[in-house]
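Reviewing the structure listed below.
Numbering (my numbering), first residue to last: 114 to 329.
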């Protein structure tokens with residue numbers, strides 16, 4: 114069962130489990146959007162199709178906090194906040210090595226749609242993130258990351274490009290072992306309620322699994 118963090122008539126805030134896709138793709142695996150629509154349909158005994166707006170995404174192997182819109186008006190206003198950069202998302206990642214205390218990474222990223230990978234390329238789109246080291250243990254750094262831009266695979270590619278690949282990242286960490294789970298977690302979101310205009314902040318604990326649990 115999906116962990117429901119907050120729900121009202123306009124919003125649904127949940128914890129996305131790892132290794133579940135957010136929206137249906139060509140794998141035809143069960144996706145989070147469909148699971149949540151079924152949850153709403155059953156809970157409220159709704160006939161026909163249920164509306165649930167997807168306003169942001171997480172990569173399949175990444176878990177953490179997400180918000181969905183239960184009305185098209187809410188979806189539109191949340192999407193506007195994302196465009197205006199007033200919708201804040203904070204990630205925690207565990208990177209290999211002892212990274213500097215804090216910094217700003219700025220690159221141009223280009224996506225290869227056929228291979229579903231992203232590379233640093235001057236012909237790509239500008240990608241900016243800010244990071245802060247929270248702790249260092251066992252030659253790994255726990256970092257807090259805030260994105261200024263929301264490019265595909267951005268955190269994973271930029272960190273790897275500067276020599277600090279994410280633990281367990283099967284795409285961008287050449288030393289990741291088969292079976293390891295990527296150490297990237299969407300920990301916190303902040304936005305203005307699309308209807309009440311109240312500022313909302315949601316934050317969840319780091320997963321109780323290696324290597325996150327050595328930093329808990």
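Beta carbons: idealized from backbone N, C-alpha and C, even for Gly. Small disclaimer: the values here were computed from a predicted structure and weren't measured.
- Relative to the Cα of residue 222, the nearest Cα in the group 307, 196, 232, 214 belongs to 232.
- An exposed status is given to residue 327, since fewer than 16 other beta-carbon atoms sit within 10 Å of its beta-carbon.
- Just so you know, the alpha carbons of residue 211 and residue 235 end up roughly 28 Å apart.
- DSSP links residue 205 through a beta bridge to 257, 298.
- Counting C-beta pairs closer than 8 Å gives three or more between the stretch 312 to 324 and the stretch 288 to 300, which meets the contact rule.
- Residue 189 carries a helical assignment under DSSP once its states are collapsed to helix, strand and coil.
- The beta-bridge partner set that DSSP reports for residue 167 consists of 181.
- In this structure, residue 199 sits away from residue 123, with a CB-CB distance that is not shorter than 9 Å.
- When the Cα atoms are used, residue 238 and residue 119 turn out to be separated by approximately 34 Å.
- Only residues of its own chain outside the window of five on either side were considered, and among them 217, 259 have a CB closer than 6 Å to the CB of residue 243, listed in chain order.
- Residue 270 carries a helical assignment under DSSP once its states are collapsed to helix, strand and coil.
- In this structure residue 264 is in contact with residue 240, their Cβ atoms being roughly 4 Å apart against a cut-off of 8 Å.
- In the DSSP annotation of this structure, the continuous segment of the beta strand (DSSP E) that includes residue 249 starts and ends at 238 to 250.
- Taking residue 171 as the centre and dropping the five residues before and after it, the same chain places the C-beta of 129, 135, 177, 179, 299 closer than 7 Å to its C-beta, in chain order.
- The continuous alpha helix (DSSP H) containing residue 152 extends over residues 145 to 156.
- Closest in alpha carbon position to residue 307, among 275, 247, 166, 229, is 166.
- In this model, residue 203 and residue 304 are separated by some 12 Å (Cα to Cα).
- Excluding residues up to 5 positions away in sequence, 145 lie with their Cβ nearer than 6 Å to the Cβ of residue 133 in the same chain.
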